[in-house]
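Participant: Have a look at the structure that comes next, please.
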Amino acid sequence: MEIFLFLGLAVFAILSPALWLRPSRHETRRSGLRQAAREAGAALRFDKAPLQEARDMVGYRWRYPQAAPGSDFTLVREAHASDRLEEAMSGWRWRQAPLPPLNAAALQRLEAVLAVLPEDACVVESTSKGVTLWWEESQDAESFAPALRALTGLVDDLAGSGRHAG
Numbered sequence: 111m112e113i114f115l116f117l118g119l120a121v122f123a124i125l126s127p128a129l130w131l132r133p134s135r136h137e138t139r140r141s142g143l144r145q146a147a148r149e150a151g152a153a154l155r156f157d158k159a160p161l162q163e164a165r166d167m168v169g170y171r172w173r174y175p176q177a178a179p180g181s182d183f184t185l186v187r188e189a190h191a192s193d194r195l196e197e198a199m200s201g202w203r204w205r206q207a208p209l210p211p212l213n214a215a216a217l218q219r220l221e222a223v224l225a226v227l228p229e230d231a232c233v234v235e236s237t238s239k240g241v242t243l244w245w246e247e248s249q250d251a252e253s254f255a256p257a258l259r260a261l262t263g264l265v266d267d268l269a270g271s272g273r274h275a276g
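Numbering follows our numbering, with no gaps: position 151 of the sequence shown is 261.
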């Protein structure tokens, strides 16, 4: 009987480090989400999000074509924005209004995209080079798929809305 106990403990001691190396469910979900974003053309950004308070957020960035830069703007979810910021759309405020201004169709498309973003999406930032969504990755790939499609379409719609050299 002591031999079986000893063998059981030995097997446990050998296998336990391997079990620690397995990714958690949270890490597996996040990995699938990031893979889906990469397949949709997004690059991941792990630098500091453009928010006053420090938060653990990841940026999903889609690039505009080099010949068709986008408009510069920053939208912040109302829960994380100062009341001094100009109201943009329901639940969102402009930290920086679009320069050059967006046309009515682009604004309508942007509003539709904001409506499908998850609640932990805090910032949507557009520069001449691309659009970045800053969020806390609360969903799995399947739940985030509609927002992913909407963001990919938004990049196509906003490409060329920026200043052109010339």
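Beta carbons: idealized from backbone N, C-alpha and C, even for Gly.
Quick check: the region 176-184 against the region 195-208, are at least 3 beta-carbon pairs closer than 8 Å?
Facilitator: In short, these stretches touch, since the Cβ pair count reaches three.
Participant: Flag this pair as touching only if the region 229-236 and the region 140-155 have three or more C-beta atom pairs under 8 Å; answer yes or no.
Facilitator: No: the two stretches stay apart, fewer than three of their Cβ pairs being nearer than 8 Å.
Participant: Would you say the region 248-258 touches the region 216-234, given that touching needs at least three Cβ pairs under 8 Å?
Facilitator: Result yes; three or more Cβ-Cβ pairs closer than 8 Å.
Participant: Hey, quick one: how far does the beta strand (DSSP E) through Ser192 stretch, first residue to last?
Facilitator: Careful: Ser192 lies outside any beta strand (DSSP E) and carries neither H nor E.
Participant: How many Å lie between Ala177 and Arg273 at the Cα?
Facilitator: Answer to the nearest angstrom: the Cα atoms are 11 Å apart.
Participant: By how many angstroms is the C-alpha of His136 removed from the C-alpha of Ala275?
Facilitator: Low confidence applies to Ala275: its pLDDT is 47, below 50, so where it sits in the model is not reliable, and the reading given next is rough at best. Distance between the alpha carbons of Ala275 and His136 is about 45 Å.
Participant: Going by the beta-carbon positions, is the gap between Arg187 and Gly201 smaller than 9 Å?
Facilitator: Yes, the pair counts as a contact, with Cβ atoms nearer than the cut-off.
Participant: Tell me the DSSP secondary structure of Gly205 in three-state form.
Facilitator: Looking at the sequence provided, one finds Arg at residue 205 rather than Gly. In this structure, Arg205 counts as strand in the three-state DSSP scheme.
Participant: Have a look at the DSSP bridge pairing and note the partners of Phe183.
Facilitator: In the DSSP output, where bridge partners are listed per residue, Phe183 has Ser236.
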